[in-house]
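K.L.:
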Amino acid sequence: MANESDSRQQKIESDFKVLDSNGNGYIEANDVHRVFSSLLDEFGYESNSPKAQELDSNLEDLWSTIKSSVDSDGDGKVSKDEYITFWMNADESEIRSYTDAITNALFDMADTSGDGSISEQEFAKFAKAQGLKGDSHSVFQELDTNGNGSLSKQEFADLVSDIYSSESTGRESALVGM
Ligand SMILES: [Ca+2]
Ligand SMILES: [Ca+2]
Ligand SMILES: [Ca+2]
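Mapping of the sequence shown onto full-length UniProt numbering: residues 1 to 178, in sequence order.
1) Using 10 angstroms around the beta-carbon of E28, count the other beta-carbons present and answer buried if the total reaches 16, otherwise exposed.
2) Closer than 6 Å between the C-beta and any heavy atom of ligand 2: which residues qualify, listed along the chain?
3) Look up Y45 in the DSSP assignment and say whether it is helix, strand or coil.
4) Where are the alpha helix (DSSP H) runs, 4 residues long or more, that stay fully inside the region 140 to 165, in chain order?
5) Once the 5 residues before and after A52 are set aside, which same chain residues still bring their CB inside 8 Å of it?
6) To the nearest angstrom, report how far apart Q121 and D162 are at their CA atoms.
7) Examine ligand 1 and report whether any of its heavy atoms sits within less than 6 Å of the Cβ of D15.
8) Can you give me the Cβ contacts of D31 inside the same chain, cut-off strictly under 8 Å, excluding the 5 residues immediately before and after it?
9) Who are the near neighbours of T169 in its chain, counting only those whose CB is closer than 8 Å to its CB and skipping five residues on each side?
10) From what residue to what residue does the alpha helix (DSSP H) around L106 run?
11) Can you tell me which residues fall inside 6 Å of ligand 1, judged by beta-carbon distance to its nearest heavy atom, and keep chain order?
12) Ordered along the chain, which non-local residues of its own chain (more than five positions away) have a Cβ less than 6 Å from that of V35?
13) Please determine whether the Cβ atom of D115 lies at a distance below 6 Å from any heavy atom of ligand 3.
14) Identify whether S79 lies in helix, strand or coil by the three-state DSSP scheme.
15) Per DSSP, which residues does I27 bridge with? Please list them.
16) Please classify K128 as buried or exposed, where buried requires at least 16 neighbouring CB atoms within 10 angstroms.
17) Tell me D14's beta-bridge partners as DSSP assigns them.
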């Protein structure tokens, strides 16, 4: 059991490192923006387009969720201790609101056609932007649990909560960097 919680903590620490994109030891609003703006570039969204503005408002929501749930001393930034404490102690509904905010931000980015679902082509682009190594086709098929050829927001949300609820399901490789 000790090993299990060690590896969970390691995963939480490595998630923290990704989110603390400037490496100053705190997750702050500009870190979150930096992580996402590199994705925006990959997707080629113009910075003034309605899509970019929608994504920006999702990011604001994500950041306020992070602040209200994880920044326990309320200083406007998330230390590594706060981040670890959150993930070690959060109950299901706290985790749900966190993963929902991430789901919204990522889903709307990946849904380039804006039809409310992610096609295999859209997923391939997303997986590439996320640095997925390996075959996006097989990952897509695994995620498309009802086999209709596209990912609903619910299927995508299941993926995101899988990533955060256990240390390793294998599916998280689809979302390197989050
Ligand atoms: Ca930082
Ligand atoms: Ca803090
Ligand atoms: Ca779509």
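For each residue, glycine too, the CB sits at the ideal point set by N, CA and C.
P.N.:
Walking through what the data contain:
1) buried
2) D71, D73, D75, K77, V78, S79 and E82
3) coil
4) 153 to 165
5) L40, Y45 and E46
6) 23 Å
7) no
8) L19, D20, S21 and N22
9) For T169, the pLDDT reaches just 47, beneath the cut-off of 50, and the residue's location in the model is therefore unreliable, although a value from the coordinates is still provided. Taken in chain order, the residues that qualify are D162 and I163.
10) E92 to A110
11) D20, N22, N24, Y26, I27, E28 and D31
12) S21
13) yes
14) strand
15) V78
16) exposed
17) The question names Asp, but residue 14 is Ser in the sequence shown. The partner list for S14 (beta bridge, DSSP) is empty, contrary to what the question assumes.
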